[in-house]
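For reference, the structure discussed in these notes is given below.
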Amino acid sequence: MTGEEPGGSKEYVLEGFAVPDQLDAVHTLLAEAAADHPELDPMDVMLFETAIIEIANNVVEYGRPEGEVRWKFTIRVHADDIEAELDDTGQTFTPEQGKGMPGEEAEGGRGLPIAEALLDRIEFKRMDETNHWRMVRRLGQTPQL
Amino acid sequence: MSFEEADNGAYVVLAPEGKFNLVAAPALKSRIDDLVAEGKSKLIVDLHAVDFIDSSGLGALIGGLKSARQQGGDLRIAAAGA
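Line by line, the protein sequences give chains A and B. Per this note's numbering, the first sequence starts with residue 932, numbered consecutively. Per this note's numbering, the second sequence starts with residue 317, numbered consecutively.
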């Protein structure tokens, strides 16, 4: 599903249940946005994809009641950045932002730190019984390897 | 997600395909644990057919590495980004 936002650029929207099978739909949504914006650097798209999937994983994995949480993903491509908003109906919680990477032998705990490393802005707030994430990556900032 | 497996005697190659993510990682980690329990602790994870990996996939690789090393073996990754 797509629509027009007030500024005139296209929105890419996914609504449904936050369940493992829907993670593919998030990849597809971003692929659709990227296909419409060939000017996007594939590295930006790949890093943004990694970040938003990590946040999506958190909702799928920890959102309760399990299997009943609904979410809405919205992706927008702007001239200077790419933005995703994620609303979910899971329980309230406080993300541990700014915690840094766990030890190198840790088997978990990297999702949010990876997202934070790849995004320029990551905001979380709880309002109206909904968790709201906003994720922004500025474009064209990728260092040359 | 499916993965191919080839036992070459000295080592076992596991080759996941597609997205090595929250959905796929537990199955691969479980298979690694089974192989290590059978005494097959020299493992190669061939990533040539993986087009996306998340922290769950990374966690499974680290967990598998630890399991293998605890039994005197090792886990190596091959063809990442190929």
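By construction, the Cβ of each residue, glycine as well, lies at the ideal position given by its N, Cα and C atoms.
Straight through space, the alpha carbons of B/E354 and A/L1050 are spaced by roughly 43 Å. In this structure, A/L1017 and A/Q1028 do not form a Cβ contact; the two beta carbons are roughly 15 Å apart against a cut-off of 8 Å. The beta carbons of A/L945 and A/A962 sit no closer together than 7 Å. Contact note: A/R1041 reaches chain B through S371, L374, G375, using a C-beta cutoff of 8 Å and chain order. Sequence-ordered contacts of the segment 943-957 of chain A with chain B read P951, D952, L954, D955 [C-beta pairs closer than 9 Å]. Note that the C-beta distance between B/K356 and B/V328 is below 7 Å.
About 17 Å separates the beta carbon of A/G947 from that of A/R995, a gap too long to meet the 8 Å contact definition. Membership of B/V352 in the alpha helix (DSSP H) is indicated by the continuous run 341-353.
Contact note: B/G379 reaches chain A through E1038, using a C-beta cutoff of 7 Å and chain order.
Annotation: the continuous beta strand (DSSP E) that includes A/Y943 extends over 941-948.
Against chain B, the CB of A/I1045 has a partner CB under 7 Å away; the residue lies at that interface. Around the Cβ of B/A340, a 10 Å sphere holds 16 or more other Cβ atoms; the residue is buried. The CB of B/L338 comes closer than 7 Å to the CB of P951, L954, N988, V991, E992 in chain A, given here in chain order. If you compare the alpha carbons of A/L978, A/E1036, A/Q1022 with that of A/M1066, the shortest gap goes to A/L978. Residues T1023 of the same chain have their beta carbon placed closer than 6 Å to that of A/R1057, with the five preceding and five following residues left out of the count. Within its own chain, the residues whose Cβ lies closer than 7 Å to the Cβ of A/R1041, once the five positions on either side in sequence are excluded, are M1032, P1033, listed in chain order. Counting along the chain, the unbroken beta strand (DSSP E) around A/T1061 starts and ends at 1061-1069. B/A394 is bridged by DSSP to B/D362. Chain B places a beta carbon closer than 7 Å to that of A/I984, counting this residue as a contact. A/E985 has its alpha-carbon roughly 16 Å from the corresponding atom of B/D367. When the beta-carbon positions are compared, B/S372 and A/I1045 stay at least 7 Å from each other.
With the criterion set as a beta carbon lying under 9 Å from some beta carbon of chain B, the members of the segment 965-985 of chain A are M977, E980, T981, I984, E985, in sequence order.
Under the three-state reduction of DSSP, A/M974 is assigned to helix.
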